[in-house]
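*Asks:*
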DNA sequence: CCTATCTGTGTATTCCATATACTGTTTAGA
DNA sequence: TCTAAACAGTATATGGAATACACAGATAGG
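Protein chains in written order, with this note's numbering: chain A, 1316 to 1558; chain B, 1316 to 1558.
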């Protein structure tokens, strides 16, 4: 029981991230910090996946006991919320020379690179929208860019979510389809698929559209294809608004 | 060790779904089936979330012991793969009167309704693309629709993935933002945000773009907005192809 | 200086996925 | 018809996870 008044507060760990530290400091100084713990957890997740970042593993990495972490985080899911913010890092600054569309493309590519570097981020299921400084920083930059496109606030918000959603999904699917197991997947399907029942998928399989093209840089052509699709749509809307 | 020859096979549970049953039936008849187990698990997940669908809980629901399930599934993640297929159900048949664009809209809306009915589906992290009959059925219908748009196979595949990704993300965000906790989230942000550092997010907050509009039907306007954006892009591409 | 307050520890609980060995059943083949 | 192989479901055990709770020592405000 921390604050019995109104429990609509942010979790303690998140408040710490925003520098909100209640001054009543009596006992010993903390030996760790919310950020340092999250950083250790990120390191583990980067190396061995989200599952490996258990409370015990993180604590061990820092040389403390498992339970010590609970002085900083109410629960593991709070830790993960901060991990995500930590992994995101500060938002990229847009290149002022470029058009809003170009800037939004850059934003999306940076987002994609970040997710590709920390794929486990996609495994974390948050119960609420982001509340960490870094993630809100990304959001802020995105809104700034779209603001200049002339879209109404509502539309800008929706558009950014669409772009972010696209990026997340693309990276996720990329991990699923383009992995080394992709050839395996195609083979598995072939062994089981009835071309009469699922003609379109079968045809797609034969067309080679699903075949491995690894060795491609990231973000690659597929990514740009979909992104352009989206931005076409947004631009069209913005032009309509401008008239 | 099941088949030591080539272990690029589908997991036993998935093969069972496709009716591939190796005939050597000697012992007693199975008292359950891959589908019935998955159905029970879906029921639990629908009611109490994915976490509640533990092997023990599912087995208990069916009146068997935990370990009995391992006769049907090699691992829990296999179970979840089948759960997703089970929850998806058969793909919707497109309305032949509508244009391909209209049919694709319908497809996306059906997808959204399905996900909203089984939100836990979004929590399942699959290591590979779908391999179940129902999900491939959805895929097939989607490809059929896009085939009629005149897009090349590669483009059709990408486009469908983009649409599906959009739907998934929209539902996910919908659960996060539009939940009853949304007002809470806005309040939390207000308590912590510095309008000088994050001007665009702050402005967005004040503009009311994030305020609760629950009681809205699903899929709602937001959904249609983004979907139209996407389809505009796809249609443009298809027109370019048609020329 | 002393005591409330805070940090980190030790221990225990509960839940989970899953390995392994076992019991009993069915049926193919002799 | 007999019998042994193959199979269904069970019992038991292991190791790992999150986290509750009570405590030991440190620190600083009064």
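Every residue gets a Cβ at the ideal spot worked out from N, C-alpha and C, and that includes glycine.
Note that this is a predicted model, so its numbers are computed, not measured.
Please confirm if residue 1429(A) has its CB atom under 8 Å from at least one CB of chain B.
*Replies:* no
*Asks:* Listed in chain order, which residues of the region 1434-1456 of chain B have Cβ atoms closer than 8 Å to some Cβ of chain A?
*Replies:* 1437, 1438, 1440, 1441, 1442, 1443, 1444, 1446, 1451, 1452, 1454, 1455, 1456
*Asks:* Going along chain B, which residues have a C-beta under 7 Å from residue 1516(A)?
*Replies:* Within chain B, the residues near residue 1516(A) are 1451, 1454, 1455, 1458.
*Asks:* With 8 Å as the threshold, decide whether the Cβ of residue 1472(B) is near any Cβ in chain A.
*Replies:* yes
*Asks:* Which residue's Cα is closest to the Cα of residue 1395(A): 1435(A), 1420(A), 1466(A), 1375(A)?
*Replies:* 1435(A)
*Asks:* On a Cα-Cα basis, can you pick out the residue from 1358(B), 1460(B), 1423(B), 1453(B) that is closest to residue 1483(B)?
*Replies:* Selected option, being the one with the closest Cα: 1423(B).
*Asks:* Assuming residue 1359(B) and residue 1377(B) make a contact with CB atoms under 8 Å, what is their CB distance in whole Å?
*Replies:* Wrong, their Cβ atoms sit about 10 Å apart, outside the cutoff.
*Asks:* Less than 8 Å between the beta carbons of residue 1421(A) and residue 1405(A), yes or no?
*Replies:* no
*Asks:* At least one CB of chain A closer than 8 Å to the CB of residue 1404(B): is that the case?
*Replies:* no
*Asks:* What's the call for residue 1558(B), buried or exposed, on a 16-neighbour Cβ count within 10 Å?
*Replies:* exposed
*Asks:* Taking the alpha helix (DSSP H) that residue 1438(A) falls in, what are its first and last residues?
*Replies:* Residue 1438(A) -> no alpha helix (DSSP H), and no H or E assigned at all.
*Asks:* Buried or exposed: residue 1318(A), going by 16 or more other Cβ atoms within 10 Å of its Cβ?
*Replies:* Reliability of the predicted coordinates at residue 1318(A) is poor, the pLDDT of 39 falling under 50, and the value obtained from them is presented with this limitation in mind. Residue 1318(A) is exposed by the Cβ-count criterion.
*Asks:* Which residues in chain A have a C-beta closer than 9 Å to the C-beta of residue 1484(B)? List them in chain order.
*Replies:* 1476, 1477, 1479, 1480, 1481, 1483, 1484
*Asks:* Cβ of residue 1385(A) less than 8 Å from any chain B Cβ?
*Replies:* no
*Asks:* Would you tell me roughly how many angstroms separate the C-alpha atoms of residue 1430(B) and residue 1492(B), rounded to the nearest one?
*Replies:* 16 Å
*Asks:* With a threshold of 8 Å between beta carbons, is residue 1363(A) in contact with chain B?
*Replies:* Closer than 8 Å: no.
*Asks:* Could you work out which residue in 1555(B), 1550(B), 1502(B) is closest to residue 1414(B) when comparing CA atoms only?
*Replies:* 1550(B)
*Asks:* Among 1537(B), 1355(B), 1342(B), 1419(B), which has the Cα closest to the Cα of residue 1604(B)?
*Replies:* No information on residue 1604(B) is available, as it lies outside the stretch 1316 to 1558 that chain B covers here.
*Asks:* Can you tell me whether residue 1320(A) is buried or exposed? The criterion is at least 16 other CB atoms within 10 Å of its CB, across all chains shown.
*Replies:* For residue 1320(A), the predicted model reports a pLDDT of 43, less than 50, meaning its position is unreliable; a value from the coordinates is still stated below. Result: exposed.
*Asks:* Beta-carbon of residue 1562(B) versus every beta-carbon of chain A: anything under 8 Å?
*Replies:* This structure leaves residue 1562(B) out entirely; chain B is present only between 1316 and 1558.
*Asks:* I'd like to know if residue 1539(A) contacts chain B, where contact means its C-beta is closer than 8 Å to some C-beta of that chain.
*Replies:* no
*Asks:* Is the Cβ-Cβ distance between residue 1501(B) and residue 1451(A) less than 8 Å?
*Replies:* no
*Asks:* Rounded to whole angstroms, what's the CA-CA distance from residue 1524(A) to residue 1333(A)? Just pull it up for me.
*Replies:* 47 Å
*Asks:* Give the range of the alpha helix (DSSP H) segment to which residue 1367(B) is assigned.
*Replies:* No alpha helix (DSSP H) holds residue 1367(B); DSSP gives it neither H nor E.
*Asks:* Could you have a look at residue 1316(A) and say whether DSSP puts it in helix, strand or coil?
*Replies:* Confidence in residue 1316(A) is poor, its pLDDT being 37 and thus under 50, which makes the residue's placement too unreliable to answer from.
*Asks:* Three or more C-beta pairs closer than 8 Å, one from the region 1530-1550 of chain A and one from the region 1438-1456 of chain A: is that the case here?
*Replies:* no
*Asks:* Which one of 1470(B), 1368(B), 1335(B), 1363(B) has the shortest CA to CA distance from residue 1392(B)?
*Replies:* 1368(B)
*Asks:* If you measure between the beta carbons of residue 1449(B) and residue 1503(A), is that distance less than 8 Å?
*Replies:* no
*Asks:* Using a Cβ-Cβ cut-off of 6 Å (strictly less than) and excluding sequence neighbours within five positions of residue 1373(B), which residues of its own chain qualify?
*Replies:* 1355, 1356
*Asks:* Just mark residue 1468(A) as buried or exposed, buried being the case when its beta carbon has 16 or more other beta carbons within 10 Å.
*Replies:* buried
*Asks:* Starting from residue 1350(A), trace the alpha helix (DSSP H) both ways and give me its first and last residue.
*Replies:* Looking at the DSSP string, the run of the alpha helix (DSSP H) that includes residue 1350(A) is 1349-1363.
*Asks:* Residue 1385(B) by DSSP, collapsed to three states: which one?
*Replies:* helix
*Asks:* Do residue 1385(A) and residue 1347(A) have their CB atoms nearer than 8 Å?
*Replies:* Contact: no.
*Asks:* Please go through the same chain and pick out, in chain order, the residues whose beta-carbon is closer than 6 Å to the beta-carbon of residue 1552(B), but skip the five residues on each side of it.
*Replies:* none
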